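Below: one structure, written as structure tokens.
There are 2 protein chains.
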Amino acid sequence: MAKARHSRFDCTPGCSVEAAIGLIDGKWKSIILWHLLSGTLRFNELRRHVENCTPRMLTNQLREMEADGLITRKVYAQVPPKVEYSLSELGRTMEPILRALKAWGDANIGLYGKPNGHDPRDPA
Amino acid sequence: MAKARHSRFDCTPGCSVEAAIGLIDGKWKSIILWHLLSGTLRFNELRRHVENCTPRMLTNQLREMEADGLITRKVYAQVPPKVEYSLSELGRTMEPILRALKAWGDANIGLYGKPNGHDPRDPA
DNA sequence: GCATATAGTATCAAGAATGATACCGTGGAA
DNA sequence: TTCCACGGTATCATTCTTGATACTATATGC
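Right, dumping it as structure tokens:
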């Protein structure tokens, strides 16, 4: 988060929920985390996995998650460069969340996607 | 979502994750859903639960979630008006996600908040 | 000498999300 | 007669987020 969209300070009952979601609500974060669940990936590997994500955004999201302690960045002093991203221990603790999201999506994706091959809101 | 921040159409492997999170990434949505887990609430009850949320935003988020089929809006023909919000059946299926978020937040909230009773960034 | 691959960065622009504030109708209570 | 509660809406402004595009350094292979 460039600047916390979900505040981390108030503590109404929904606070913890807010806190947790605040860490994964970047446009690509959940997807990145999901892919990292399967193992370490290099920058360009991530780019290939997360299509349509510009390098700027990818760097952005990775840096934010690194700052949040969710992922680890390992740089190899090589040329051409080699940088590996992986889940930190903390990041791994998000696995239940990610799996719950995945499960829900798998179960309900038909609702707003391709029940009959196209989305109703899709003009084509 | 005024306009889907998380696209609902691509289908890279992280797709379902994206789809699920797309429905709850409004600034207040997860919190609203969390409170509705405990039962039906009226508009102003929600306002009291979700502090700092302007009526405009509350309406906004509620309408979006209604459009997404997550919540149900029941209007009573009374004066003064009475409107009740509750989780739809679909909304209820999000409970595992919400609980996972809550569990994570509860376990890790100390990381970025009040490890010693107050936030260091809190002026008071 | 030249192109290639890697892991980014810089700059600018657009678009989306959120906030602040004021306002609405109505029926009942004071 | 005036005020309040309820469930919002309207309008404007601001801030946050995201995208597009071009660009960098350097060792290696051709």
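As given, the protein sequences belong to chains A and B, one line each in that order. Residues 133 to 256 in the numbering used here are what the first sequence spells out, letter by letter. Residues 133 to 256 in the numbering used here are what the second sequence spells out, letter by letter. C-beta: ideal position from N, C-alpha, C; glycine also. Here the structure is a predicted model, which is why all the values come from computation and not from measurement.
For residue 225 (chain A), at least one C-beta of chain B is nearer than 9 angstroms to its own C-beta. The beta carbon of residue 214 (chain A) sits closer than 6 angstroms to the beta carbons of 208 from its chain, once the five residues preceding and following it are set aside; these are given in chain order. The C-alpha of residue 236 (chain A) lies about 42 angstroms from the C-alpha of residue 211 (chain A). The C-beta distance from residue 165 (chain B) to residue 156 (chain B) rounds to 7 angstroms, short enough to fall under 8 angstroms. The criterion of a C-beta distance shorter than 9 angstroms is not satisfied by residue 220 (chain A) and residue 241 (chain A). Not flagged as an interface residue toward chain B: residue 174 (chain A), since no C-beta distance is shorter than 9 angstroms. Within the stretch 185–200 of chain A, those residues whose Cβ lies closer than 9 angstroms to any Cβ of chain B are, in chain order, 200.
Listed in chain order, the beta strand (DSSP E) runs fully inside the stretch 178–241 of chain B are 203–208 and 214–219, counting runs of at least 3 residues. Between residue 205 (chain A) and residue 198 (chain A) a beta carbon distance of about 5 angstroms is seen, short of the 8 angstroms cut, so the two are scored as contacting. Interface residue (Cβ-Cβ distance to chain B less than 9 angstroms): residue 149 (chain A) is classified as such.
Between residue 222 (chain B) and residue 201 (chain B), the CB-CB gap stays under 9 angstroms.
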